[in-house]
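There are 2 protein chains.
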Amino acid sequence: MSVKIPRGFKFSAVEAAIKRPGRKDLALIYSDVEATAGAVFTKNLIKAAPVKICIKKIASQKARAIIVNSGNANACTGKRGIEDANEMVRLVAKGLNIDERLVYPASTGVIGVPLPMERIRAAIPDLIGGLGKASLEELARAIMTTDTFPKYISADLKVGDETGTITAVAKGAGMINPSMATMLCFIITDLSVEKLSLSKALNEAVEQSFNRITVDGDRSTNDMVMIMANSLAGNDTITMKSKYYKDFKKVLNSITYELSKSIVKDGEGATKLIKVIVRRAPSRKDAELVARGVANSLLVKTAFYGNDANWGRIMAAIGASGAKVVEDKIEIYFNHLQVVKGGMSAGNDSTANELLKASKELNLIIDLATGKEEFSVLTCDISEDYVRINAEYRS
Amino acid sequence: MSVKIPRGFKFSAVEAAIKRPGRKDLALIYSDVEATAGAVFTKNLIKAAPVKICIKKIASQKARAIIVNSGNANACTGKRGIEDANEMVRLVAKGLNIDERLVYPASTGVIGVPLPMERIRAAIPDLIGGLGKASLEELARAIMTTDTFPKYISADLKVGDETGTITAVAKGAGMINPSMATMLCFIITDLSVEKLSLSKALNEAVEQSFNRITVDGDRSTNDMVMIMANSLAGNDTITMKSKYYKDFKKVLNSITYELSKSIVKDGEGATKLIKVIVRRAPSRKDAELVARGVANSLLVKTAFYGNDANWGRIMAAIGASGAKVVEDKIEIYFNHLQVVKGGMSAGNDSTANELLKASKELNLIIDLATGKEEFSVLTCDISEDYVRINAEYRS
Chain A
218 MSVKIPRGFK FSAVEAAIKR PGRKDLALIY SDVEATAGAV FTKNLIKAAP VKICIKKIAS
278 QKARAIIVNS GNANACTGKR GIEDANEMVR LVAKGLNIDE RLVYPASTGV IGVPLPMERI
338 RAAIPDLIGG LGKASLEELA RAIMTTDTFP KYISADLKVG DETGTITAVA KGAGMINPSM
398 ATMLCFIITD LSVEKLSLSK ALNEAVEQSF NRITVDGDRS TNDMVMIMAN SLAGNDTITM
458 KSKYYKDFKK VLNSITYELS KSIVKDGEGA TKLIKVIVRR APSRKDAELV ARGVANSLLV
518 KTAFYGNDAN WGRIMAAIGA SGAKVVEDKI EIYFNHLQVV KGGMSAGNDS TANELLKASK
578 ELNLIIDLAT GKEEFSVLTC DISEDYVRIN AEYRS
Chain B
218 MSVKIPRGFK FSAVEAAIKR PGRKDLALIY SDVEATAGAV FTKNLIKAAP VKICIKKIAS
278 QKARAIIVNS GNANACTGKR GIEDANEMVR LVAKGLNIDE RLVYPASTGV IGVPLPMERI
338 RAAIPDLIGG LGKASLEELA RAIMTTDTFP KYISADLKVG DETGTITAVA KGAGMINPSM
398 ATMLCFIITD LSVEKLSLSK ALNEAVEQSF NRITVDGDRS TNDMVMIMAN SLAGNDTITM
458 KSKYYKDFKK VLNSITYELS KSIVKDGEGA TKLIKVIVRR APSRKDAELV ARGVANSLLV
518 KTAFYGNDAN WGRIMAAIGA SGAKVVEDKI EIYFNHLQVV KGGMSAGNDS TANELLKASK
578 ELNLIIDLAT GKEEFSVLTC DISEDYVRIN AEYRS
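In order, the protein sequences belong to chains A and B. Position one of the first sequence corresponds to residue 218 (our numbering), numbered consecutively onward. Position one of the second sequence corresponds to residue 218 (our numbering), numbered consecutively onward.
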């Protein structure tokens, strides 16, 4: 992975032993200058304290720093949770000597346990002192929970004579669903982007990436995707009307899509990445219902894990999805191999089993043949390890 | 379990080696006289051939026999599937010398594979010849798929001077969800019940039992619950207006509830039966959304399996359910032990872990404290065995 850092951004990561000692679990992202900011948050009605705080802060569309911890979600922690998150913000603002309105808190981890503030307080001076010492990978590692690998990416974009960089880190594995679950993503860029255009581009990017992945159908209290653009590339400000807006969106979409893909790949215990592509649906809503219904079906996911081309379970999930479908028009393909023709076996089950055995990534194409609309979702299979990981998570 | 058989009903079960040899997988339920009948079917849009046929047949509200096979769902099998199911009906009607309109087909098992009709055809003479030789348990065993134990029950009901019997068999394990999934239930009684009253009672019984259980959130193509009442008890016909209707419904509800409970208990790989009870919701719809959302959450189910009182996941599932909830009003109890108070920890996590370890059955009570409506759902935990069973099912 390319790891270029946009101008004027620095990272830091330290160990605060938030869940247990032995790893860096408190991180800071900092911009030398005030950045334009945008964010998208979980749709879960139960929101973590830092999410509640960030939702208010982001109205200003300005930011300079993000303090993020793993190991504790600071969710369902009541007033104390809000006070703790605000204190983290205050300590960072004070240490950096910046306006606390420009500092954003984020948390991920176990729900319902108050943050160990004495250890966080004690760690913040080192966190601030260490700015510039952590690599992008170290930042990505510090925000991991059950992730098995760090997730980060960067790309350049030429705007006129200036070249800017867009870089992002993300965490997430398990509990990933329709509306961005248990995932955090921080995107930084030195490009200058007008604030409404930045928010719009971010929303569109999230819609085609993090909102279209699913590991287990659950949604978290803590999800957020945030972007900071600090203008240090010196480019003419990108607006919705400028000719570079399309290019900017393209890069942003590509970055968020790649990160969302890596989150599904890292689905707890997953062995296969499956793109569920629904074609020729009567409406986009029907396409989405089928795609999400199949992507979330436990029986479909366990069959993929068992390398069993059990398309009957896919048919059952299609029928149960709530979408309008006509049984005898449905065609299903694994990549280019047809497994269902006119709602029945295409006679390729054993070839399909072989294909599954040989595939780490697969397109599952469902052609409803009753319209023109499409929708796709990334999902993964489910293994015994998913159960083991999630049965043991708190212990 | 009590195993009284209503007057005039006989069973038979034989081996047709439908999926593989070694067990009885073809069964017949027969009434000596024409019975009043009612049925409820899967809401999945993709319906198995026998379901499509039964939906038409039941309009007559008359029945004498049900032929049912396990090991093959006869779903997604097109015209051939319909022809095969009709042939099973014809052969039984001919062998019994009864009107084929009174014979109902049912199937459960793998989707998308045509029935092995040569073996079924060959087995039907023995099936008919064996009528009266199979016990209720043998009938219950013949319709099992991944079930680990047979499910049957019976109860008596005194109507005036006559005593009638209501007896039922069911199968189901895994793929059980909101709208009656992968389950079959056949109920027989020698009571005389007026046809509209019978249907109404059956619908209500299904609503409070099979429609409120969930194992993995999937819905099958084959579910059906059917009742036959042959009047041989000689009672005055029960109608909605008669004073015995309430008693009849009570027994029917109790029978279907017990069977639905045994289906969840037999959830593939399950180790715990959990009744999710939502109280004081602002509307029944909100109560149902929360109950089903929590009952279907993989993260909640794996936590229960791990004896981890991880109420944070329950809170997250409540917030993601789509119901109107107020975070700081929510109270959660495991039986009588409070684990969440005002949306936060009640400080009883370690006691709750011990309680989970000691419990095979548990009430999970979610008090939303914002209204007066209730809803409950039976669910189970999910273990590595669920994944193993379902990854291997077809092989």
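Note that the Cβ used here is the ideal one computed from N, Cα and C, for glycine as well. Quick caveat, the model's predicted, so the values are computed rather than measured.
Note on the region 333-381 of chain A: whole alpha helix (DSSP H) runs with a minimum of 4 residues are 334-346 and 353-359, in chain order. Residue burial annotation: V542 of chain B is buried, with at least 16 other C-beta atoms found within 10 angstroms of its C-beta.
N261 of chain B is a Cβ neighbour of T438 of chain B, given a cutoff of 8 angstroms. Boundaries of the alpha helix (DSSP H) around P267 of chain B: A266 to K274. Residue environment: A537 of chain A is assigned as buried (16 or more neighbouring CB atoms within 10 Å of its CB, all protein chains considered). Against chain A, the beta carbon of G484 of chain B has no neighbour under 7 angstroms; the closest one sits roughly 11 angstroms away. Here the region 346-364 of chain B does not lie against the region 555-570 of chain A, with fewer than 3 beta-carbon pairs under 8 angstroms apart. Proximity of chain A to V327 of chain B at the Cβ level (cut-off 7 angstroms) is accounted for by G529, in chain order.
Where E591 of chain B is concerned, the enclosing beta strand (DSSP E) starts and stops at E590 to C597. Close partners of S437 of chain A in chain B (Cβ separation under 7 angstroms): A533. Chain-order list of chain A residues neighbouring E601 of chain B: E601, V604 and R605, by C-beta distance under 7 angstroms.
Within chain B, the residues whose beta carbon sits less than 8 angstroms from that of G295 of chain A are D545, G559, G560 and M561, listed in sequence order. In the DSSP assignment, N580 of chain B is bridged to B:K492.
At a beta-carbon threshold of 8 angstroms, none of the residues of chain B lie near N428 of chain A; the nearest stands roughly 14 angstroms away. Residues of the region 252-283 of chain A with a C-beta atom less than 7 angstroms from some C-beta of chain B are N261, L262 and I263, listed in chain order. The CB of V542 of chain A comes closer than 7 angstroms to the CB of L262 in chain B, given here in chain order. Restricting attention to A:G486, A:G564 and A:F228, the CA atom closest to the CA of L344 of chain A is found in A:F228.
With a threshold of 8 angstroms between beta carbons, A537 of chain B makes contact with chain A.
Between the region 401-414 of chain A and the region 449-458 of chain A there are three or more inter-stretch CB-CB distances shorter than 8 angstroms, so the stretches are counted as touching. Just measuring C-alpha positions, the residue of A:L308, A:I404, A:I430 and A:S500 sitting nearest E591 of chain A is A:S500.
At a cut-off of 3 residues, the continuous stretches assigned as beta strand (DSSP E) that sit fully inside the region 424-503 of chain A are 441-446 and 490-498. If you draw a straight line from the Cα of A244 of chain A to the Cα of F551 of chain A, it is about 42 angstroms long.
Residue pairing by DSSP places P322 of chain B opposite B:I284 in a beta bridge. Relative to Q278 of chain A, the option among A:A446, A:T568 and A:N286 whose CA is nearest is A:A446. Ranking B:G486, B:F521 and B:A520 by CA distance to the CA of I606 of chain B puts B:G486 first. Using a CB distance cut-off of 8 angstroms, A292 of chain B counts as an interface residue toward chain A. Straight-line spacing of the CA atoms in V604 of chain B and D545 of chain A works out to 30 angstroms.
Counting the other Cβ atoms within 10 Å of the Cβ of V594 of chain B gives 16 or more, which makes it buried. Taking 8 angstroms as the cut-off, the beta carbon of I491 of chain A is found closer than this to the beta carbon of T596 of chain A. With fewer than 16 other beta carbons inside 10 angstroms of its own, R237 of chain B counts as exposed. When DSSP states are grouped into helix, strand and coil, G510 of chain B belongs to the helix group. The residue among B:S477, B:V495 and B:S414 with its C-alpha nearest the C-alpha of K463 of chain B is B:S414.
Contact check between the region 320-333 of chain B and the region 265-281 of chain B: three or more CB pairs, one atom from each, fall below 8 angstroms, which counts as touching. Here D249 of chain B carries a strand assignment [DSSP, helix/strand/coil]. The alpha-carbon of A498 of chain A is positioned some 37 angstroms away from that of P367 of chain A.
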